[in-house]
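J.:
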Amino acid sequence: STIVLIFEAPKDFNFRLQAGQKIRFGEALGSL
Amino acid sequence: VHTAPARTSSLLRPLPILVATGGGYAGYRQYEKYRERELEKLGLDVPPKLAGHWEVALPSAGPEAEAGTAELHVQTCSETALLAPDGPLLPPAPRRPQAPQPGGMEACEQGGLVQVGANALAVAGLGPPQPSGAAALAAQAVYSLYIWTFGVNMKEAAVEDLHHYRNLSEFFRRKLKPQARPVCGLHSVISPSDGKILNFGQVKNCEVEQVKGVTYSLESFLGPRTPSEDLPFPPATPHSSFRSQLVTREGNELYHCVIYLAPGDYHCFHSPTDWTVSHRRHFPGSLMSVNPGMARWIKELFCHNERVVLTGDWKHGFFSLTAVGATNVGSIRIYFDRDLHTNSPRYSKGSYNDFSFVTHANKEGIPMRKGEHLGEFNLG
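Chains A and B, in that order, give the protein sequences. The numbers in our numbering rise by one with no breaks, and the one at position 13 of the first sequence is 13. The numbers in our numbering rise by one with no breaks, and the one at position 290 of the second sequence is 1290.
1. Which of the three DSSP states, helix, strand or coil, is assigned to Gly26 (chain A)?
2. Cutting at 6 Å between CB atoms, please list the residues of its own chain near Thr1276 (chain B), excluding the five before and the five after it.
3. By the criterion of Cβ-Cβ separation under 8 Å, what are the contact partners of Phe1150 (chain B) in chain A?
4. Measuring CB atoms only, is the stretch 1188-1198 of chain B touching the stretch 1253-1270 of chain B, in the sense that at least three cross pairs come out at less than 8 Å?
5. Please identify the residue among B:Lys1370, B:Val1211 and B:Arg1037 whose C-alpha is closest to the C-alpha of Gly1293 (chain B).
6. So is Val1019 (chain B) buried or exposed if we call it buried at 16+ other beta carbons inside 10 Å?
7. Can a CB atom of chain A be found closer than 8 Å to the CB of His1341 (chain B)?
8. Rounded to whole angstroms, how far is the Cβ of Leu1397 (chain B) from the Cβ of Phe1318 (chain B), which I believe are closer than 8 Å?
9. Taking C-alpha atoms, which residue in B:Ile1190, B:Tyr1335, B:Asn1205 and B:Ser1220 lies nearest to His1304 (chain B)?
10. Within 10 angstroms of its Cβ, does Gly1285 (chain B) collect 16 or more other Cβ (buried), or is it exposed?
11. Can you tell me which of B:Ser1271, B:Ser1278 and B:Ala1141 puts its alpha carbon nearest to the alpha carbon of Asn1362 (chain B)?
12. What are the partner residues of Phe1269 (chain B), as DSSP defines its beta bridges?
13. Please tell me whether Ala1157 (chain B) has its Cβ less than 8 Å away from any Cβ of chain A.
14. Helix, strand or coil: how does DSSP classify Asp1019 (chain B) here?
15. Specify the secondary structure class of Arg1243 (chain B) as computed by DSSP and reduced to three states.
16. In chain A, what lies closer than 8 Å to Glu1253 (chain B) by C-beta?
17. Quick one: which residues of the stretch 1188-1199 of chain B get their C-beta closer than 8 Å to a C-beta of chain A? List them in chain order.
18. I want to know whether the stretch 1350-1359 of chain B touches the stretch 1161-1178 of chain B - three or more CB-CB distances under 8 Å.
19. Check the Cβ of His1316 (chain B) against every Cβ in chain A and list those closer than 7 Å, keeping chain order.
20. Taking a contact to mean a Cβ-Cβ separation below 8 Å, would you say Ala1135 (chain B) touches Ile3 (chain A) in this structure?
21. Specify the secondary structure class of Ala1107 (chain B) as computed by DSSP and reduced to three states.
22. In whole angstroms, give me the CA-to-CA distance for Ala1065 (chain B) and Glu1376 (chain B).
23. Is the distance from the Cβ of His1256 (chain B) to the Cβ of Val1208 (chain B) below 8 Å?
24. What separation, rounded to the nearest whole angstrom, lies between the Cα atoms of Ala1157 (chain B) and Val1290 (chain B)?
25. Apart from the five residues on each side of it in sequence, which residues of its chain come closer than 8 Å, Cβ to Cβ, to Gly1068 (chain B)?
26. Flag this pair as yes or no: are the beta carbons of Glu1300 (chain B) and Gly1325 (chain B) separated by less than 8 Å?
27. Evaluate Ser1191 (chain B) with the Cβ neighbour count: other Cβ atoms within 10 Å of its Cβ, from every protein chain shown; 16 or more gives buried, anything less gives exposed.
28. With distances taken Cα to Cα, identify the nearest neighbour of Leu1261 (chain B) among A:Pro10, A:Arg24 and A:Leu32.
29. If we require 3 or more residues per run, which beta strand (DSSP E) segments fall completely within the stretch 1315-1357 of chain B?
30. If you measure from the beta carbon of Ser1244 (chain B) to each beta carbon in chain A, is any gap under 8 Å?
31. What does Tyr1266 (chain B) touch in chain A if you count any residue whose Cβ is under 9 Å from its own?
32. Which bits of chain A does Leu1321 (chain B) rub up against, with CB to CB less than 8 Å?
As structure tokens, this is what we get:
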């Protein structure tokens, strides 16, 4: 299964991610 | 071949053809790989090889979808038919050795399907209620095989005792100990689930990348915006693109993130931020595998599969979370949406059904806190 988030945010929104990394519920995806 | 008797030679005749075609195909694949390596050495971008229409149609019409739905019925059947008030789904043996109840009628005596793992064992309604040892062993074997195959960490599960899970479906939607996943308080958006990050970033020209280089259209994925009276933001001007119907504030951009849940992952999902859910759109659809390999091969994969799109608002404007089903995981539950019924065997392609959580009594919709339980993927 897959979960897709699509959202609007100001230009300086930053993801704290690497493509292909494992992630767990509750860990940071990103913020301003 | 020449000396073999007639019957054998008729069997052997196709052999050379098979060897020639198989060898030819293998050679062609090797040449393809060699060519891609050479192009990469020259610094040229190798476009991903996408599946053709007939290759897409094949898996979505394959037996998997039927098996997934059929399995759901077995799951449902085992949960209703055998759930006598105190009736276990599995024979009592896998739970704890129990002394046979004097005259006690076990659920198994009523017959029906005992769901053991992914296979249903038919338990005839005759004879003594004591289950066969095979059923007990099968249950343990299925759970242990599943845990070992997918590297499930049972120490994180809210209930570690396997005897608690009456069938694989319950095991699949196990909950975690609260302390197993602390929610990050620092960042405004957290991961709604366990999984692997397939792709993320800004959405450009309304095309979202499912994986690097393979995209799908945002409008086919979310569907057309519902009539303006249902939406909390101003109606779009006729000429504006789909994107401007989503981005409601000057200077904002559209972002996306795709998280792939592998079979052994924790399959509940939570609210990724503080937001209000105002609308749900359910797209019945195929149940093709969504593993990274398929996401690289089938364009618009997520637009073929069954999915549930939740839309609403967060502090910066538009926000949406979409749960996309997959092979054997076609049932999607949203805890506050009792009207949602997924994984039905009959649906018309491209159809969807809408539901608004904004009512006269509740102008806002459903408020969700960051980390709050939101829904789950179910086996079947």
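Ideal placement from N, C-alpha and C gives every residue a C-beta, glycine not left out. A quick note: this is a predicted structure, and the numbers were derived from the prediction, not measured.
T.: The relevant details are as follows:
1. In the structure shown, Gly26 (chain A) sits in coil (DSSP, three-state: anything other than H, G, I, E or B).
2. Gly1312, Asp1313, Glu1364, Gly1365 and Pro1367
3. Residues of chain A passing the Cβ test: none, with the nearest at roughly 13 Å.
4. yes
5. B:Val1211
6. exposed
7. no
8. This structure gives no information on residue 1397 (chain B), because the portion of chain B shown stretches from 1001 to 1380.
9. It is B:Ser1220.
10. Gly1285 (chain B) should be labelled buried.
11. B:Ser1278
12. B:Gly1375
13. no
14. Looking at the sequence itself, residue 1019 (chain B) is Val, so the reference to Asp does not match. Helix at Val1019 (chain B).
15. helix
16. Going along chain A in sequence order, the residues near Glu1253 (chain B) (Cβ under 8 Å) are Glu8, Ala9, Pro10, Lys11 and Phe13.
17. Ser1188, Val1189, Ile1190, Ser1191, Pro1192, Ser1193, Asp1194, Gly1195, Lys1196, Ile1197, Leu1198 and Asn1199
18. no
19. Glu8, Ala9 and Pro10
20. no
21. Low local confidence applies: a pLDDT of 33 at Ala1107 (chain B) is under 50, so the model's placement there is unreliable, with the coordinate-based value given in what follows. Helix at Ala1107 (chain B).
22. Residue placement at Ala1065 (chain B) is flagged as unreliable, the pLDDT there being 47, under the threshold of 50; the coordinate-derived value follows with that caveat. Computed Cα separation, rounded: 19 Å.
23. yes
24. 25 Å
25. In this prediction, Gly1068 (chain B) has a pLDDT of 49, which is less than 50 and means its spatial position is unreliable; what the coordinates show is noted afterwards. Leu1287, Thr1327, Asn1328, Val1329, Gly1330, Asn1343 and Gly1380, listed in sequence order.
26. no
27. buried
28. Among A:Pro10, A:Arg24 and A:Leu32, the Cα nearest to that of Leu1261 (chain B) belongs to A:Arg24.
29. If we require 3 residues or more, the beta strand (DSSP E) runs fully inside the stretch 1315-1357 of chain B come out as 1317-1324, 1331-1334 and 1353-1356.
30. no
31. Arg24 and Phe25
32. Simply Ile3, Val4 and Leu5.
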